[in-house]
Amino acid sequence: MNPSAVLPKPGASFARRAFYPRAIGLAVGFFCVAAVFWSRETPLWLWGLLIAFCYLWPSVALYLSRRSPSTSHLEKRFVLFDSLMGGFWIATMQFNVLPSAVLLSMLAMNNTATGGARFVLQGLVVQLLGMLVSVLLLGFGFSPQTSQAQLYACLPMLIVHPLTIGMVLYRLAYQLGENKRALRSLSRTDSLTGLFNRGYWNELLQLEFSHCKGAGGVASLALIDLDNFKHVNDRYGHVLGDELLRQVGQCIRRNLRAEDMPGRYGGDEFCAVLPGARAGMPGRCWSACAMRSPNWTCPWHPS
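Residue numbers (our numbering): 123 to 425.
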């Protein structure tokens, strides 16, 4: 099987994140432009173009993005196309103050979320190009007055679109935090046993040693080695050897306290730092593990 067939395509999540703000923003942004068109004589083809852009373009953009080998790059082009059309509508509305200001601010928000300040500047250049296209097609007009009806038509855009962008950015930040926590856990944990790996356990040991040295506390260091583990691997195979290590790790976790710090030191060697524990406690923990060993679901009894 081709791994690329089962792995998610890079940039697919970017396309989904871009779809919802675009679809919702254009759906409510339609009313900003339509209110101006309604107040003056507007050609039918402009109405058709406005409806197609606001209600069909988001789905077309999503369709193309999902089938592109470079989704992120294509989506950035689509955001610039949104800016181009935004500039076109601003000039077509003859720079009506409030709808134009709303479109400019929402487009700037989209561009900032997509590529930062530099991308905002690119978006402004493209918006000027869109205005030029409108002037060449329809001529230049300047009618900045905003009626009360046009003011009300801008309210959905002012309320809904920032909320949508905020929710998308919140979900992205939350997912990033989860990924960072998962990566931190992977960097500290032995994947086979679930205990701390040697590098991170050594850091914990140094911290506990410094704490005991400075505060005069006590702690115990426990070590365990599986006898004849090489014989187990040679006779039963590495799969069953790994299962033995996994069950030893589970047993160690069950028999230690929440504040104890168990780790896999390497191969068949395990270790643990027990803060506040006197000398006899580690032996009792390992004895408990040894008493549980006959119940392990492996065809041997480790000594």
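The beta-carbon is built from N, C-alpha and C at its ideal position, and this holds for glycine as well.
Q. Span of the alpha helix (DSSP H) holding V395?
A. For this step, residue 395 is matched to residue 273 along the sequence shown. Where V395 is concerned, there is no enclosing alpha helix (DSSP H), although the beta strand (DSSP E) it sits in stretches over 391-397.
Q) beta strand (DSSP E) containing L343: first to last residue? A) Taking the first residue of the sequence shown as position 1, residue 343 is located at position 221. Looking at the DSSP string, the run of the beta strand (DSSP E) that includes L343 is 341-347.
(Q) For F318, list the residues DSSP reports as bridge partners. (A) In the sequence shown, residue 318 corresponds to position 196, counting from 1. In the DSSP output, where bridge partners are listed per residue, F318 has T311, G385.
Q | Cβ-based burial, P384 [other Cβ within 10 Å; buried from 16] | A | Translated into positions along the sequence shown, residue 384 becomes position 262. Looking at its Cβ environment, which holds 16 or more other Cβ atoms inside 10 Å, P384 is buried.
(Q) Could you tell me the alpha carbon to alpha carbon distance between S126 and G398, rounded to whole angstroms? (A) The residue given as residue 126 occupies position 4 in the sequence shown. The residue given as residue 398 occupies position 276 in the sequence shown. Note that S126 scores 44 on pLDDT, short of 50, meaning its location in the model is unreliable and no value can be drawn from it.
Q. Are R144 and D204 touching if we call contact CB-CB under 8 Å?
A. Counted from its first residue, the sequence shown places residue 144 at position 22. Counted from its first residue, the sequence shown places residue 204 at position 82. Yes.
(Q) Under 8 Å, Cβ to Cβ, is there at least one residue of chain C near L184? (A) Chain labels in this structure do not include chain C; a single protein chain is all it has.
Q.
If the criterion is Cβ atoms closer than 8 Å, does the pair M279 and C154 meet it?
A. Translated into the one-based positions of the sequence shown, residue 279 becomes position 157. Translated into the one-based positions of the sequence shown, residue 154 becomes position 32. Contact flag set, yes.
Q. Are the beta-carbon atoms belonging to V255 and F210 less than 8 Å from one another?
A. Here residue 255 corresponds to residue number 133 of the sequence shown, with the count starting at 1. Here residue 210 corresponds to residue number 88 of the sequence shown, with the count starting at 1. Yes; because the gap between Cβ atoms is below 8 Å, this pair is in contact.
Q) Looking at C-alpha atoms only, which residue of K198, Q249, I374 is the closest neighbour of G237? A) In the sequence shown, residue 237 corresponds to position 115, counting from 1. Selected option, being the one with the closest Cα: K198.
Q) Under a three-way DSSP split, which group does F351 fall into? A) In the sequence shown, residue 351 corresponds to position 229, counting from 1. In the structure shown, F351 sits in a helix (DSSP, three-state: H, G or I).
Q | Beta-carbon contacts of N232 that lie in its chain and below 7 Å, excluding the five residues immediately before and after | A | Walking along the sequence shown from the start, residue 232 turns up at place 110. These residues qualify, in order along the chain: P143, V201, D204.
Q.
Just to confirm, is the Cβ distance from V248 to L206 under 8 Å?
A. Position 126 of the sequence shown, counted from the start, is the residue given in the question as residue 248. Position 84 of the sequence shown, counted from the start, is the residue given in the question as residue 206. Taking 8 Å as the Cβ cut-off, V248 and L206 qualify as a contacting pair.
Q: May I have the straight-line CA-CA distance separating M253 from I173, to the nearest angstrom?
A: For this step, residue 253 is matched to residue 131 along the sequence shown. For this step, residue 173 is matched to residue 51 along the sequence shown. Using only the alpha carbons, I get a separation of about 19 Å.
(Q) If contacts are defined as beta-carbon pairs under 8 Å, then V395 and L327 qualify, I think. What distance do you get, rounded to the angstrom? (A) The count along the sequence shown starts at 1 and reaches residue 395 at position 273. The count along the sequence shown starts at 1 and reaches residue 327 at position 205. Indeed, because the Cβ distance is near 6 Å, the residues count as touching under 8 Å.
**Q.** Distance between E163 and A295 (C-alpha atoms, nearest Å)
**A.** If you number the sequence shown from 1, residue 295 lands on position 173. If you number the sequence shown from 1, residue 163 lands on position 41. The alpha-carbon atoms of A295 and E163 are separated by roughly 46 Å.
Q) By the 10 Å Cβ neighbour count, where 16 or more other Cβ atoms means buried, how is R386 classified, buried or exposed? A) The residue labelled residue 386 in the question sits at position 264 within the sequence shown. Per the 10 Å Cβ criterion, buried.
**Q.** Under the three-state DSSP convention, the category P266 falls into
**A.** Within the sequence shown, the letter at position 144 stands for residue 266. P266 falls in the coil class under three-state DSSP.
Q: Can you have a look at S187 and say buried or exposed, based on whether 16 or more other CB atoms are within 10 angstroms of its CB?
A: Position 65 of the sequence shown, counted from the start, is the residue given in the question as residue 187. Per the 10 Å Cβ criterion, buried.
Q | Cβ-Cβ separation, D390 to D347 (assumed contact under 8 Å), whole Å | A | Taking the first residue of the sequence shown as position 1, residue 347 is located at position 225. Taking the first residue of the sequence shown as position 1, residue 390 is located at position 268. With 8 Å as the limit, D347 and D390 qualify as a contact, their Cβ atoms being about 6 Å apart.
Q) Are there 16 or more other CB atoms within 10 angstroms of the CB of V340, so buried, or fewer, so exposed? A) In the sequence shown, the residue the question calls residue 340 occupies position 218. V340 is exposed by the Cβ-count criterion.
Q. For L291, which three-state DSSP category applies?
A. Taking the first residue of the sequence shown as position 1, residue 291 is located at position 169. In this structure, L291 counts as helix in the three-state DSSP scheme.
Q. Going by beta carbon distance, what residues of the same chain come within less than 7 Å of G388, once the five residues before and after it are set aside?
A. Position 266 of the sequence shown, counted from the first residue, corresponds to residue 388. Contacts found: R320.
**Q.** M430 and H283 closer than 8 Å at C-beta
**A.** Since the first residue shown for the chain is 123 and the last is 425, residue 430 is missing from the structure and cannot be characterised.
Q. Just how far apart, CA to CA, sit L362 and C334?
A. As a first step, residue 362 must be located in the sequence shown, where it is residue number 240. As a first step, residue 334 must be located in the sequence shown, where it is residue number 212. Spanning the two alpha carbons is a distance of roughly 39 Å.
(Q) Ignoring anything shorter than 4 residues, give me the alpha helix (DSSP H) runs that lie fully in the segment 198-285, in order along the chain. (A) 219-260
Q: Determine, using beta carbons only, whether V150 and P221 come nearer to each other than 8 Å.
A: Numbered from its first residue, the sequence shown carries residue 150 at position 28. Numbered from its first residue, the sequence shown carries residue 221 at position 99. No, these two residues do not count as a Cβ contact at 8 Å.
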